[in-house]
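Just so you know, we're using the numbering used here here: the sequence shown kicks off at 38 and counts up by one. To keep things clear, I will list the structure first and then write my remarks on it.
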Amino acid sequence: MTALWPDGTEIAPWFSDTAAVDPTLKLPQFSITSFGAIGDSATLNTVVIQSAIDSAASAGGGVVVVPQGRFRTGALFFKPGVHLHLLEGAVLLGSDHIADFPLMPSRMEGRSIDYFPAVVNAYHCDGFSISGRGTIDGNGRRYWEAFWQRRKENPQCTNLEVSRPRLIFIQHSDSVVIRDVRLQNAGFWTTHLYKCHYAKLINLHIFSPVEPVKAPSTDAIDLDACTHILVDRCYMEVNDDAIALKGGKGPYADADSTNGPNMNILIRNCSFGFCHSAVTCGSEAIHNRNILVQ
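Here it is, written out as C-alpha cells:
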C-alpha cells in the first residue's frame, strides 16, 4: 500500500531511505588534534577547530573529526563540503562564556534578528552532515542559572533577555543529515533548522535536565519554515518542547518572505522522556501542513 500524507499525496521513497553513510570512508579526514586541539575540557579550541574546518573547505571538502576527549569551543562555522564526525568518546563541549559566541544576524523565535550563533553552525551548506557516536554538549548550566536569576528578578522577562547560545543552527541548507550523535545540555534550543529542505535526523539522543537546575527553552528540535523533514528513531528528553514547528511571528508574519510554512514532516519511531510536549505547532508558526507522527 502506498503511504500517503494527510492531504492524500504520496510520501516519496526518499523518506524510507535511512541507510547510514559514513563520510569518513569517502572524504579526506581532518582531525582537530592535528591542528592543535586539546581535549582537557578547559582549553578553548575555537580557533584551531575553525582552522580544521577552513582547511577542509580549502581542500575541496572533507570531514572534521573529533577524537576521544572533551574539546571546549565557542561558535564554529562549517562551510560547504565540510562535515562533522565525532568518534566514540568524543565530546565537543560548548563554552559557558557568551563572549565566545559573537553577535551576528541570525534567526530566533520566528524573527530575523541579531543574535548569538550556536556551537555548531552551517549556513548555505547543502549536504552537510553530523555523524558518529560522540557527543555535542552545550555546557549550559551557567546560562540556565543566569536565566532563572533574571526570572527571579523580573518574572516577566523574555527568553531572549538572557544571552544564551543554541547547540546546533543550520540555515538555508538542503539534504542535511544528523544521525547517531548525542546532543545534550544546550544553553538554549538544541537543534534549530531554518529554511532547510530534505533533512534527516536519525537515531539521536537529545537531553537537557529538569534537575538540579532546569534547562529553560531547550527544545530538542525546532523546524523553522522547513519542508521534507524526517525525524526517525530519536529519543528526546528536554525541559521544553521535543519537536516545535515554527515559521514566523507577528500579525503580518505570512507576508514576510523570511518566514514560511513547514510541510511534509514525518516523525516516526521516536520516544520521549520528560518534555513539555512531543510535537507543537508553534509558538511562532504560520502554516503547518502534512505533519505526520507515527
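Just so it is clear, CB atoms sit at the ideal spot from N, CA and C, and this is done for glycine as well.
| said: What I want to know is whether the C-beta of H313 ends up closer than 7 angstroms to one or more non-hydrogen atoms of the ligand MG. | reply: What this structure holds is no ligand at all, so the ligand MG is not there to describe.
| said: Within 8 angstroms, do at least three Cβ pairs link the stretch 153-172 to the stretch 213-227? | reply: yes
| request: Could you tell me whether the stretch 251-261 touches the stretch 178-186, using the rule of 3 or more Cβ pairs below 8 angstroms? | output: yes
| When you compare only the Cα positions, how much space is there between V213 and P288? | Here residue 213 refers to the residue found at position 176 of the sequence shown. Here residue 288 refers to the residue found at position 251 of the sequence shown. Rounded to whole angstroms, V213 to P288 spans 31 angstroms at the Cα level.
| Pairwise C-alpha distance: F114 and P60 | Within the sequence shown, numbered from 1, the residue matching residue 60 stands at position 23. Within the sequence shown, numbered from 1, the residue matching residue 114 stands at position 77. Approximately 19 angstroms, taken between the alpha carbons.
| Which residues bound the beta strand (DSSP E) around I75? | As a working mapping, residue 75 is identified with position 38 in the sequence shown. It is not in any beta strand (DSSP E) - I75 carries neither H nor E in the DSSP assignment.
| field | Classification of D278 by the beta-carbon crowding that lies within 10 angstroms, buried from 16 upward | value | Position 241 of the sequence shown, counted from the start, is the residue given in the question as residue 278. Answer is buried; the Cβ neighbour count reaches 16.
| query | Considering D91, what are the terminal residues of the alpha helix (DSSP H) in which it resides? | reply | Numbered from 1 along the sequence shown, position 54 holds the residue referred to as residue 91. Run containing D91: T83 to S95, per the alpha helix (DSSP H) assignment.
| said: Less than 8 angstroms between the beta carbons of G106 and L204, yes or no? | reply: As a first step, residue 106 must be located in the sequence shown, where it is residue number 69. As a first step, residue 204 must be located in the sequence shown, where it is residue number 167. No, these two residues do not count as a Cβ contact at 8 angstroms.
| query | In the structure shown, what three-state DSSP assignment does A290 receive? | reply | Residue mapping note: residue 290 aligns to position 253 of the sequence shown, counting from 1. Residue state, collapsed to three classes: helix.
| task | Please classify Q331: does DSSP put it in a helix, a strand, or coil? | result | Taking the sequence shown and counting its residues from 1, one reaches residue 331 at position 294. Here Q331 sits in coil by DSSP.
| task | Classify P60 as helix, strand or coil using the three-state DSSP reduction. | result | The residue labelled residue 60 in the question sits at position 23 within the sequence shown. Reduced to three states, the DSSP call for P60 is helix.
| message | For D211 and A315, what's the separation of their Cα atoms in angstroms? | response | For the purposes of this step, residue 211 is taken as the residue at position 174 of the sequence shown. For the purposes of this step, residue 315 is taken as the residue at position 278 of the sequence shown. Computed Cα separation, rounded: 25 angstroms.
| query | From which residue to which residue does the beta strand (DSSP E) around F244 run? | reply | By one-based count along the sequence shown, residue 244 stands at place 207. Per DSSP, F244 belongs to the beta strand (DSSP E) from H242 to F244.
| message | According to DSSP, simplified to helix, strand and coil, what is S53? | response | By 1-based counting over the sequence shown, the position of residue 53 is 16. In the structure shown, S53 sits in a helix (DSSP, three-state: H, G or I).
| task | Please classify F115: does DSSP put it in a helix, a strand, or coil? | result | The residue labelled residue 115 in the question sits at position 78 within the sequence shown. F115: strand per DSSP, three-state reduction.
| the stretch 38-51 contacting the stretch 69-82, beta-carbon criterion three pairs below 8 angstroms | no
| request: Starting from G131, follow its DSSP beta bridges and name the residues at the other end. | output: Locating residue 131 in the sequence shown gives position 94, counting from the first residue. G131 pairs with T110.
| request: Take H229 and list the residues in its own chain whose beta-carbon comes closer than 6 angstroms to its own, dropping the five residues that flank it on each side. | output: Stepping through the sequence shown from its first residue, residue 229 is reached at position 192. These residues qualify, in order along the chain: R203, F206 and D259.
| field | Euclidean distance between Cα positions of D44 and C312 | value | Locating residue 44 in the sequence shown gives position 7, where the first residue counts as 1. Locating residue 312 in the sequence shown gives position 275, where the first residue counts as 1. Going from the Cα of D44 to the Cα of C312 covers about 29 angstroms.
| How is R187 classed by DSSP in three states: helix, strand or coil? | Here residue 187 refers to the residue found at position 150 when the sequence shown is read from its first residue. Helix at R187.
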